[in-house]
Amino acid sequence: MLGAFMERMDGAAAASSSPPAFEDFFEAERPRLLRALYLLTGSREEAEEVLQDAFLALWERWERVGAMQQPAGYLYRTALNMHRSRLRRTLRAARRAVTRTRDDPFAEIEEGDALARALADLSPRRREAVVLTGLLDLSSSEAGALMGIADVTVRRLVQGGREELRRALSEADRDG
Amino acid sequence: MDDLADRLRRLADQVGDDDAAFDRLRALRDRRARSRRVLAGMVALVVAVAGSYVAYPAFRERPTAAPVASVTSPQPPAAALVVCDGRTTRIEVGDVVARPEGVRVDVINTTDRTLAFAASDTDEFHDVPPGSSTFVESFFFGPGPHFVSCGPEGRLPGYFEQQIHVLDPNDAWISLDLVCPGSEQWGSDVGVSGSDPVSLAREALGDRVRPGDELRFAGYPASPTRRVVVLVRGDEPIAEVWMKAAEEGWAGYLMNGCP
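Those protein sequences? They're chains A and B, same order as listed. Position 60 of the first sequence, counted from 1, bears residue number 60 in this note's numbering, the numbering being contiguous throughout. The number in this note's numbering is simply the position in the second sequence, starting from 1, with 1000 added.
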C-alpha cells in the first residue's frame, strides 16, 4: 500500500536512518509505477520512457529524496507531472502539424481491449483518478494530494470515470 | 470498484516484467550525463562569442529612458472573455470579478462547428455553438487562478494551459473548507432531491444534524447550477452537502464531513 502519502510528498519527516539504496527502491517501486503509467499512457514504450525519466530525476536527488520517510509519493508525483508535460507537448505538436496527428497515445492502441479503449476515451484527469484509486488503491485524499486537487474533486472524477467506463464496457459487451 | 478494479489490474498486468530494467536506467543516466557535458561546452562557447558581439555596442551608446505614462487601474470586468478558434484557447479578458451566482465567462467560438469549453477545476464542460455564449462557473471556481480550455464537442478537454483569474472584492465566495483536513473526512453519495437546498441538506445529513447546529450556504450562494450547504456547529463547518440543479429543483450527489 502507498499509505501516508502526504508525509512522503512533504518530505518533512526525514528518516533518521540512512536512505535505502536507490537500486532497491527502483526494484521495489518500478512494477507498480510501470503498470499505472501503462494505463495512463496506453503504450508500454511511452510508460517506460516516463518511468525512466521519473526515476532518473529522483536518482539525481536521491540523497535528499531517499531521506524522506517514504519517497514513493515524490516518485509518483514526479511521474504524473512528467506524463502531463508530455501530453501538453503532444498537443502543441498536434496543433502545429498540418496533417492529422494523434492527440492521445491511446488512439494508437492496437489491442482490441475494450477497457483500454474506454480508458482512452476518459479525460486525462478522470483517467488519472481512476488509475490511482482503482489500480493503486489510493484513497481519494491520497490521490488528490498527488493530483493537486481536493479529495472531493477526486471522488467526482472517479465517480464520473467509473460511470463512463461501465457504460463503454457494457456497450462493448452488447456489441461484441 | 470490484470487477472494474480486477479488469484494470488484468489490463495493467499485460505490461509484463523486465529483469534488466535497472541496467538500462543506469546506461541511460550515463548517456545523458555525457550529453550534458558536451552541451555545456557548446553553450559556453556560443555565449562567449555572442557576448562579445552584444557587449560592444552596449558600451558605445546609452539610450535615454522614455517618459512613463501614468496608469490608472480599471475595475475588473464582470465577465472573462475566452476565444476558441478550434486550435487554441485565447484569453482576451483574464481578470474577472466573482458574483454571488458565480463567475461569468463569455466564450466566443470563431469556428463554424460546436466546441466544448471547460474550466479544469469544475470537471464539467459546456458545448459552445459557433458565435458568442455566456456561462456561469460556480463550484471549485473560487477566487484565484483557474485553467480553462476549449476542445472538441461533447467531452472534457484534456489539456489546460490558459488561466483566468477570479477576483473577489465583494466577498461573493464563501469558503468550502471544513474544520478538519481532507485526509480525515468521510464522504458518501447522496440520493435525495427537492426544491429547497437547505431542507435537502438536512434530509441528507439525517441524524448528523444536532440541536443548535446551523445549515448555511457555501461556495457561490446564488449559483444557478450548483449549491453547497454546510453544517456548522459552534461556528465550525463540520460537514457539507453538494447538489446540482435538477428537474425537482436540486439533487444532492455527494456529502462529506469531519469524523
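Note that CB positions come from ideal geometry on N, CA and C, so glycine has one too.
Check	Outcome
Which residue spans inside the region 1110–1181 of chain B form an unbroken beta strand (DSSP E) run of at least 3?	1115–1119, 1124–1128, 1131–1137, 1144–1152, 1162–1167
Helix, strand or coil for Ser85 (chain A)? Go by DSSP, reduced to three states.	helix
Helix, strand or coil, according to DSSP, for Asp1013 (chain B) in the structure here?	helix
Relative to the C-alpha of Ala129 (chain A), which candidate in A:Glu27, A:Asp113, A:Glu164 has its C-alpha closest?	A:Glu164
Would you mind reading off the limits of the beta strand (DSSP E) that contains Asp1095 (chain B)?	1095–1097
Quick check on the burial criterion: 16 or more other C-beta atoms within 10 angstroms. Buried or exposed for Ser1195 (chain B)?	exposed
Checking 8 angstroms against the spacing of the C-beta atoms, do Leu1178 (chain B) and Gly1252 (chain B) come in under that value?	no
Does the separation of the CB atoms of Ala79 (chain A) and Leu33 (chain A) fall below 8 angstroms?	yes
Could you check if Glu1248 (chain B) is buried or exposed, using at least 16 other CB atoms within 10 Å of its CB as the buried criterion?	exposed
Exposed or buried, which one is Ser1120 (chain B) when buried takes at least 16 other CB atoms within 10 Å?	buried
Going by DSSP in three states, Ala172 (chain A) sits in which element: helix, strand or coil?	helix
Rounded to whole angstroms, what is the Cα-Cα separation between Glu111 (chain A) and Arg1010 (chain B)?	Reliability fails at Glu111 (chain A), whose pLDDT of 41 lies under 50, so the model's placement of it is uncertain and the value that follows must be treated cautiously. Straight-line Cα distance between these residues: approximately 14 angstroms.
For Ser139 (chain A), which of helix, strand or coil comes out of DSSP?	coil
Taking the DSSP output, what are the residues bridged to Met1243 (chain B)?	B:Arg1227, B:Gly1252
For the beta strand (DSSP E) containing Ala1218 (chain B), name the first residue and the last one.	1214–1218
Could you give the residue range of the beta strand (DSSP E) that holds Asp1189 (chain B)?	1186–1189
Report the neighbours of Gln52 (chain A) on chain C: residues whose CB is nearer than 7 angstroms to its CB, in chain order.	Reference to chain C is not applicable here, since the protein chains of this structure are A and B.
Who does Gly1102 (chain B) pair with in a DSSP beta bridge?	B:Arg1099
If I follow the unbroken alpha helix (DSSP H) through Leu33 (chain A), where does it start and stop?	22–41
Using three-state DSSP, classify Leu212 (chain A) as helix, strand or coil.	Residue 212 (chain A) is absent from the model: chain A starts at 1 and stops at 176.
Take Ala1021 (chain B) as the anchor and find which of A:Pro20, A:Thr41, A:Glu45, A:Leu39 has the nearest alpha-carbon.	A:Glu45
Who are the neighbours of Leu34 (chain A) on chain B, taking C-beta pairs under 7 angstroms?	Val1015
Go ahead and pull the three-state DSSP assignment for Pro1237 (chain B).	strand
In three-state DSSP terms, what is Ala1027 (chain B)?	helix
Do Glu1184 (chain B) and Cys995 (chain B) have their beta-carbon atoms positioned less than 8 angstroms apart in this structure?	Outside the displayed range of chain B (1001 to 1259) lies residue 995 (chain B), so it cannot be described from this structure.
Please check if any C-beta of chain B sits within less than 8 angstroms of the C-beta of Ala47 (chain A).	yes
Kindly indicate the opening and closing residues of the beta strand (DSSP E) around Leu1081 (chain B).	1079–1084
Whose CA, out of B:Pro1145, B:Gly1016, B:Ser1138, B:Arg1099, lies closest to the CA of Leu1176 (chain B)?	B:Ser1138
Consult DSSP for Ser1195 (chain B) and reduce its assignment to one of helix, strand or coil.	coil
Is any beta-carbon of chain A found at less than 8 angstroms from that of Arg1009 (chain B)?	yes
I want to see whether chain B comes within less than 8 angstroms of Gly134 (chain A), judged by CB atoms only; does it?	yes
Can you give me the C-alpha to C-alpha distance between Glu1103 (chain B) and Phe1147 (chain B), rounded to a whole angstrom?	The amino acid at residue 1103 (chain B) is misidentified as Glu; the sequence shows Val. If you take the alpha carbons of Val1103 (chain B) and Phe1147 (chain B), they lie about 13 angstroms apart.
Which residue or residues does DSSP assign as beta-bridge partners of Val943 (chain B)?	Residue 943 (chain B) is absent from the structure shown; chain B starts at 1001 and stops at 1259.
Give the range of the alpha helix (DSSP H) segment to which Gly177 (chain A) is assigned.	Any property of residue 177 (chain A) remains undetermined from this structure, which presents chain A solely from 1 to 176.
Work out the CA separation of Ala47 (chain A) and Leu1025 (chain B) for me, nearest whole Å.	14 angstroms
Need the endpoints of the alpha helix (DSSP H) that Ala116 (chain A) sits in, please.	114–121
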